[in-house]
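Take a look at the structure set out below.
In structure tokens form, the structure reads like this:
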């Protein structure tokens, strides 16, 4: 008897190029253990895919999100939609993510989506782990990381300052993939916005499983 397998592939719609560089490798690390812990020995998780609306893209963000989902519908089983919170993540979710999900559901009523909304900017999620800075800057690096990264009003500027102080002369955005590949998941799980994201990602995995015939 062939054992049923759960297939997962995330399509990521993000605000900017640098957000893809960080979030795609992060998702590739995060998704497999989350799925395996709930469906042990029965998961196939493909690399996450950056998605965008095909050109010419619609002017409205909601329609661009819907077009991006439609373009990769056959390849992805769930879709992560990112927006920076700009200090009010609930408002950002309502204005920047929910309309796009609603637009996508007009064509795909059963689309599985996960909002990804840092409190201010994605860069706050890079400020939780001194060891990943040492990977980037060298083992002797001693960055003065903020005690509460999600309270930083401009975490992107904080990240740039810390990297410059550590001797980095490259454009910081070229290093975002290194942060996505190396930042501690345990440290990320201390951040409230990340906790919300991970909780909703787990629920999305379960929704995909139900759609593929798994019980519950």
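In this note's numbering, the protein residues as written are 6 to 221.
The C-beta atom is built at its ideal place from N, Cα and C for all residues, glycine as well.
### Message
Assuming contact is defined by CB atoms lying nearer than 8 Å, are residue 121 and residue 27 in contact in what I supplied?
### Response
Within the chain shown, numbered from 1, the residue matching residue 121 stands at position 116. Within the chain shown, numbered from 1, the residue matching residue 27 stands at position 22. For residue 121 and residue 27, no; Cβs fall outside 8 Å.
### Message
Pop quiz: residue 127 and residue 103 are said to be a contact at Cβ under 8 Å. What is the actual Cβ separation, rounded to whole angstroms?
### Response
If you number the chain shown from 1, residue 127 lands on position 122. If you number the chain shown from 1, residue 103 lands on position 98. The beta-carbon separation of residue 127 and residue 103, rounded to 19 Å, does not stay under the 8 Å limit for a contact.
### Whole-angstrom distance between residue 17 and residue 138, CA atom to CA atom
Locating residue 138 in the chain shown gives position 133, counting from the first residue. Locating residue 17 in the chain shown gives position 12, counting from the first residue. As the crow flies, the alpha-carbon of residue 138 is around 25 Å from that of residue 17.
### Task
Use the C-beta contact count for residue 114: other C-beta atoms within 10 angstroms, 16 or more gives buried, fewer gives exposed.
The sequence position of residue 114 within the chain shown is 109, counting from 1. So residue 114 counts as exposed.
### Message
Comparing C-alpha positions only, which one of 185, 167 and 82 sits nearest to residue 15?
### Response
For the purposes of this step, residue 15 is taken as the residue at position 10 of the chain shown. Considering only alpha carbons, the answer is 82.
### Query
What is the rounded straight-line gap between the Cα of residue 53 and the Cα of residue 21?
For the purposes of this step, residue 53 is taken as residue 48 along the chain shown, with counting starting at 1. For the purposes of this step, residue 21 is taken as residue 16 along the chain shown, with counting starting at 1. Roughly 16 Å separates the two Cα atoms.
### Task
Report the residue from 205, 220, 210 and 212 whose alpha carbon sits nearest the alpha carbon of residue 87.
Translated into the one-based positions of the chain shown, residue 87 becomes position 82. Taking only the C-alpha atoms, the option nearest residue 87 is 205.
### Task
Give the straight-line distance between the Cα atoms of residue 214 and residue 30, rounded to the nearest whole angstrom.
As a position in the chain shown, residue 214 is number 209, starting the count at 1. As a position in the chain shown, residue 30 is number 25, starting the count at 1. Their backbone Cα atoms lie some 23 Å apart in a straight line.
### Query
Taking C-beta to C-beta, are residue 109 and residue 58 nearer than 8 Å?
Along the chain shown, one-based indexing puts residue 109 at 104. Along the chain shown, one-based indexing puts residue 58 at 53. No; because the gap between Cβ atoms is not below 8 Å, this pair is not in contact.
### Task
Entirely within the region 29-86 and at least 3 residues each: give me those beta strand (DSSP E) ranges in chain order.
Listed in chain order, they are 48-50.
### Task
Grab me the residues of residue 163's own chain with a C-beta within less than 6 Å of its C-beta, minus the 5 sequence neighbours each way, in chain order.
Translated into positions along the chain shown, residue 163 becomes position 158. Sequence-distant Cβ neighbours of residue 163 in its own chain, meaning closer than 6 Å and more than five residues away, are 157.
#### Entry: CA-to-CA distance, residue 175 to residue 193, given in whole angstroms
Locating residue 193 in the chain shown gives position 188, counting from the first residue. Locating residue 175 in the chain shown gives position 170, counting from the first residue. Each residue's CA atom was taken as its position, placing residue 193 and residue 175 some 25 Å apart.
#### Entry: Collapsed DSSP secondary structure at residue 7 in the structure displayed
If you number the chain shown from 1, residue 7 lands on position 2. Unreliable positioning characterises residue 7 in this predicted model, as indicated by a pLDDT of 49, which lies under 50. The coordinate reading is nonetheless provided below. The three-state reading of DSSP puts residue 7 in coil, since its state is none of H, G, I, E or B.
### Task
Could you have a look at residue 113 and say whether DSSP puts it in helix, strand or coil?
Locating residue 113 in the chain shown gives position 108, counting from the first residue. Here residue 113 sits in coil by DSSP.
### Query
Does DSSP put residue 171 in a helix, in a strand, or in coil?
Here residue 171 is taken as the residue at index 166 of the chain shown, counted from 1. DSSP places residue 171 in coil when its eight states are reduced to three.
### Task
Inspect the beta-carbon positions of residue 155 and residue 191 and report whether they are closer than 8 Å.
Against the chain shown, residue 155 aligns to sequence position 150. Against the chain shown, residue 191 aligns to sequence position 186. Result no, Cβ atoms of residue 155 and residue 191 do not sit closer than 8 Å.
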